[in-house]
């Protein structure tokens, strides 16, 4: 079953602008991960944030996690045309070695 | 990070034939692998959990007789789409965790996917 819900479903911005994508989930988690997928290609792991963490940075990426609201956000700063892709959040439960459950994704278009 | 490979990367077959997709963990042993399916412009949906040496666990709504999973070794799981039909056309992605040293909540590594087109 699909747990995460991303919004917006689609986002179009100009190069250089920041892009913010949100993800909500339903059950308790051990960690939440963000992935990128270019059209027709495989997944690229971006960042993992654990349930006891509130914020994490990696390059131009900033992820926040609010477990009380069961939500996470992914911020891409100074976006580039190459950031055009679909972005998915995925959650891992506390059961251990259970599969990631993916949200519906946000399709980001960065216009040069 | 750990590497998961899939073969083939794409396949076109006639309706009614069977297609086998292989998923390998190249530099680690995976007792558990996961199979996902992704339709165009949609998200990944978990199909089944493949367990080495035992039967796969299928998600609700996934026909186990249609999607045969075999996890014969710690580095190989196969998904066979039997009697394929056009509606089975999809992007199939496998994934696995390297339990050491990451533990059960370690990063899940994904294969590059297999695009199946059934004519």
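Protein chains in written order, with my numbering: chain L, 1 to 112; chain X, 1001 to 1119.
We put the beta carbon where it would ideally sit given N, CA and C, even for glycine.
Predicted, not measured: the structure shown is a model, and the values here were computed from it.
Could you list which residues in chain X have their beta carbon closer than 9 Å to that of residue 45 (chain L), in chain order?
1001, 1107, 1108, 1109, 1110
Can you name the residues that DSSP bridges to residue 21 (chain L)?
L:74
For residue 1034 (chain X), go through chain L and note every residue whose CB falls closer than 7 Å to its CB, in chain order.
99
What separation, rounded to the nearest whole angstrom, lies between the Cα atoms of residue 79 (chain L) and residue 60 (chain L)?
As the crow flies, the alpha-carbon of residue 79 (chain L) is around 8 Å from that of residue 60 (chain L).
Which of helix, strand or coil does DSSP assign to residue 1065 (chain X)?
Collapsing the DSSP output to three states places residue 1065 (chain X) in coil.
So the candidates are X:1047, X:1054, X:1037, X:1108; which of them puts its Cα closest to the Cα of residue 1074 (chain X)?
X:1054
Contacts of residue 105 (chain L) in chain X (Cβ-Cβ under 7 Å)
Under the 7 Å cutoff, chain X gives 1043.
Closest by CA to residue 90 (chain L), which one among X:1044, X:1067, X:1039, X:1111?
Comparing Cα positions, the closest option is X:1044.
Leaving out five residues before and five after residue 17 (chain L) in sequence, what residues of the same chain have Cβ atoms less than 7 Å from its Cβ?
79
Separation of residue 1005 (chain X) from residue 1028 (chain X), as counted between CA atoms:
Answer to the nearest angstrom: the Cα atoms are 12 Å apart.
Which whole-angstrom value is the C-beta distance of residue 1066 (chain X) and residue 1049 (chain X), which I expect to be below 8 Å?
At roughly 17 Å, the Cβ-Cβ gap does not stay under 8 Å, so residue 1066 (chain X) and residue 1049 (chain X) are not in contact.
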